[in-house]
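Sequential numbering from 9 applies to the sequence shown in the working numbering. Report on one structure; see the data block that follows.
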Amino acid sequence: MVIFGASGDLATRKLLPTLYNLAKKEYLPPDFGLIGLAVQPHSEDEFRERVRASLKEFASAPDDCKFCDWIIERLSYLPGNFREAETYARLKPLLAQMEQTHHTTGNCLFYLATGPDLFGEIIRNLADSGLTRENGGYWRRVIIEKPFGSDLSSAKALNLQIKSLLSEQQIYRIDHYLGKETVQNILVFRFSNGIFEPIWNRRYIDSVQITVAETLGVEQRGRYYDTTGSLRDMVPSHILQLLALTAMEPPISFQADAVRDEQAKILHAVQDMSPESVLSRAVRGQYGVGVVDGQAVPAYRNEPNVAQESHTDTFVALKFSIDNWRWVDVPFYVRTGKRLKKRASEIVIQFRRAPLVLFRETPVEQLSPNLLVLHIQPDEGISLQFGAKVPGPMVRIGSVNMDFKYVDHFGAEPSTGYERLLYDCMIGDATLFQRADMVEAGWSVIEPVLDVWRALPARNFPNYAAGTWGPKEADDLLERDHRHWNVPF
Ligand code: BG6
Numbered sequence: 009m010v011i012f013g014a015s016g017d018l019a020t021r022k023l024l025p026t027l028y029n030l031a032k033k034e035y036l037p038p039d040f041g042l043i044g045l046a047v048q049p050h051s052e053d054e055f056r057e058r059v060r061a062s063l064k065e066f067a068s069a070p071d072d073c074k075f076c077d078w079i080i081e082r083l084s085y086l087p088g089n090f091r092e093a094e095t096y097a098r099l100k101p102l103l104a105q106m107e108q109t110h111h112t113t114g115n116c117l118f119y120l121a122t123g124p125d126l127f128g129e130i131i132r133n134l135a136d137s138g139l140t141r142e143n144g145g146y147w148r149r150v151i152i153e154k155p156f157g158s159d160l161s162s163a164k165a166l167n168l169q170i171k172s173l174l175s176e177q178q179i180y181r182i183d184h185y186l187g188k189e190t191v192q193n194i195l196v197f198r199f200s201n202g203i204f205e206p207i208w209n210r211r212y213i214d215s216v217q218i219t220v221a222e223t224l225g226v227e228q229r230g231r232y233y234d235t236t237g238s239l240r241d242m243v244p245s246h247i248l249q250l251l252a253l254t255a256m257e258p259p260i261s262f263q264a265d266a267v268r269d270e271q272a273k274i275l276h277a278v279q280d281m282s283p284e285s286v287l288s289r290a291v292r293g294q295y296g297v298g299v300v301d302g303q304a305v306p307a308y309r310n311e312p313n314v315a316q317e318s319h320t321d322t323f324v325a326l327k328f329s330i331d332n333w334r335w336v337d338v339p340f341y342v343r344t345g346k347r348l349k350k351r352a353s354e355i356v357i358q359f360r361r362a363p364l365v366l367f368r369e370t371p372v373e374q375l376s377p378n379l380l381v382l383h384i385q386p387d388e389g390i391s392l393q394f395g396a397k398v399p400g401p402m403v404r405i406g407s408v409n410m411d412f413k414y415v416d417h418f419g420a421e422p423s424t425g426y427e428r429l430l431y432d433c434m435i436g437d438a439t440l441f442q443r444a445d446m447v448e449a450g451w452s453v454i455e456p457v458l459d460v461w462r463a464l465p466a467r468n469f470p471n472y473a474a475g476t477w478g479p480k481e482a483d484d485l486l487e488r489d490h491r492h493w494n495v496p497f
């Protein structure tokens, strides 16, 4: 495995600890070798010590870094500029040497843990130096991480460029949400239980809500975020992945393309928004000063590397419709934002009400609807809300929950969320990775919103206080339909 950007944040906090967790579970082969590439002129020993330190800090290893040596013994460092051919000329013999010393048999996974502006150039350099050629009975794969472009045309251009150098089977586009156990469980929950699929449609489901709420602000990422905003940052990737897994048809098998075909199909079925419907179906927000978890926090415009007059959205809420037989007339409401009241990601399936309630004291409109909530994070689990009789001589109905919590049944394993993704890439299973057509379909869905928002910059920012559930317009979006957002507990 070769990591470009080996001393960066992603490698330090996620990738190296992931390798540690995989090594610990014996999911890495004994003939594994690792080359870290970065611009910094570290010596090999210095780099090894940095890796040891980051493993200790981030691998959440209660075992005293027992597997650190396993990784360090297999690690080499190559300083170099990723834009220069000379770096690749040095990488080639290093890989050949690793084949000898670690018996790596020529298979190679290149992880581009760099800014997206470098993806095209690194892949071109790898291809030009012959490092992506697979003609010796071994494989060569490249992992890239979102953002895959910043709108539909740049995503298409990136796909075109990469696909002129690599075959689609060699490209693994990571959306780290698909590495989360609870996200993978959506498919298992839907398709391995006989009781849910028959009611998973417009006859029984009233609406679906997807919330991805963060309490964090933009931290040190102001420069990236201020040119991106929450719509681009979260919706075409993470949010639409959650929507696709919730709404897709059962695949004909669990082969990568069978699953991805169904996901792509549902993204294509999301109804196009006209400019008028963007105005009524899309809400944007930006946080002002406020209090989050008891701490006073600054407004977005006062975060480091953010423009004083910034019009960037830090919150978005949207109402989508899906044009197919299963979902017609079932609204899918999604919202995501920074500096919200609580960190909580969940998918809420709201079922239709009973057609008639026979208890005279309780009109049907006053019954709480049945909700099935898939809690993605932080308290992973599934709960079902239904009505039960409150004990006593009168017939009164109260809302109660049946709860399943992952931790109660399966315990809590330290994980970065990348373990399954890296492992799958190594064994050549692309099911959890995004295909080019899925990426483009995701951007197509939000393109009309981007166009309208570009043409009409928001005039009322900041429009929500940090530590709340976002702007009032997001509540209005549902209230107009006589619904309201579920409050995550
Ligand atoms: C990233 C976004 O892709 O996902 C971040 O760029 C966001 O802005 C993050 O904070 C959320 O991921 P998670 O796993 O913390 O929910």
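By construction, the Cβ of each residue, glycine as well, lies at the ideal position given by its N, Cα and C atoms.
Among the options, nearest to residue i - alpha-carbon criterion
i: I43; options: L83, G395 and K346; result: L83
i: P258; options: T236, G298 and R334; result: R334
i: V291; options: N468, N209, E57 and A31; result: N468
i: L24; options: P386, A67, Y35 and Q178; result: A67
i: P465; options: H319, D483, E222 and S452; result: H319
i: Q169; options: A135, L139 and F55; result: A135
i: L72; options: N209, Y28, G230 and L392; result: Before going on, a small fix: residue 72 reads as Asp here, not Leu. Comparing Cα-Cα distances from D72 to each of N209, Y28, G230 and L392, the minimum goes to Y28.
i: D183; options: D337, F412, A438 and H50; result: A438
i: Q316; options: G296, L326, D331 and K327; result: G296
i: M242; options: Q271, K327 and T322; result: T322
i: T223; options: D489, G187, G345 and I357; result: G345
i: A255; options: A277, A266 and Y85; result: A277
i: R141; options: Q393, A93 and Q178; result: Q178
i: G478; options: S200, A325 and G13; result: A325
i: W208; options: F359, P401 and E34; result: F359
i: L36; options: D489, E427 and D445; result: E427
Coarse secondary structure for residue i, derived from DSSP in three states
i: Y96; result: helix
i: F12; result: strand
i: A325; result: strand
i: Q279; result: coil
i: E205; result: helix
i: Y472; result: strand
i: G345; result: strand
i: I218; result: strand
i: A463; result: helix
i: F359; result: strand
i: R491; result: coil
i: I182; result: strand
i: I213; result: strand
i: E284; result: helix
i: Q316; result: coil
i: Y431; result: helix
Cβ neighbour criterion (16 or more within 10 Å) applied to residue i
i: V196; result: exposed
i: Q442; result: buried
i: P339; result: buried
i: S238; result: buried
i: A31; result: buried
i: T235; result: exposed
i: I203; result: exposed
i: V415; result: exposed
i: V398; result: exposed
i: H246; result: buried
i: Y146; result: exposed
i: T109; result: exposed
i: N378; result: buried
i: F40; result: buried
i: T113; result: exposed
Those residues which DSSP pairs with residue i across a bridge
i: M410; result: L392
i: H383; result: E354 and G389
i: C116; result: R148
i: Q303; result: V300
i: L86; result: L45
i: V336; result: Beta-bridge pairing links V336 to no other residue.
i: R289; result: Answer by DSSP bridge pairing: none, since R289 is not bridged.
i: K397; result: I405
i: E57; result: None; E57 has no bridge partner.
i: I330; result: V278
i: Q442; result: R181
Min CB distance residue i to chain C below 9 Å
i: G230; result: Annotation note: the requested chain C is absent from the structure, which comprises a single protein chain.
Would you be able to state if there are at least three C-beta pairs under 8 Å between the segment 60-79 and the segment 442-458? no
Report yes or no: do three or more beta-carbon pairs, one from the segment 308-317 and one from the segment 282-290, lie closer than 8 Å? no
Are at least three pairs of beta-carbons, each pair with one atom in the segment 147-164 and one in the segment 109-123, less than 8 Å apart? yes
Touch test, the segment 169-189 against the segment 120-134, Cβ-Cβ under 8 Å, three pairs minimum: yes
Are the segment 193-211 and the segment 466-483 touching, with three or more C-beta to C-beta distances below 8 Å? no
Could you say if the segment 355-367 and the segment 300-308 meet the contact criterion of at least three C-beta pairs nearer than 8 Å? no
Are three or more beta carbon pairs between the segment 158-167 and the segment 444-453 nearer than 8 Å? The segment 158-167, when compared against the segment 444-453, does touch it at the 8 Å Cβ threshold.
Would you check if the segment 478-497 and the segment 349-356 touch, i.e. whether three or more CB-CB distances between them fall below 8 Å? yes
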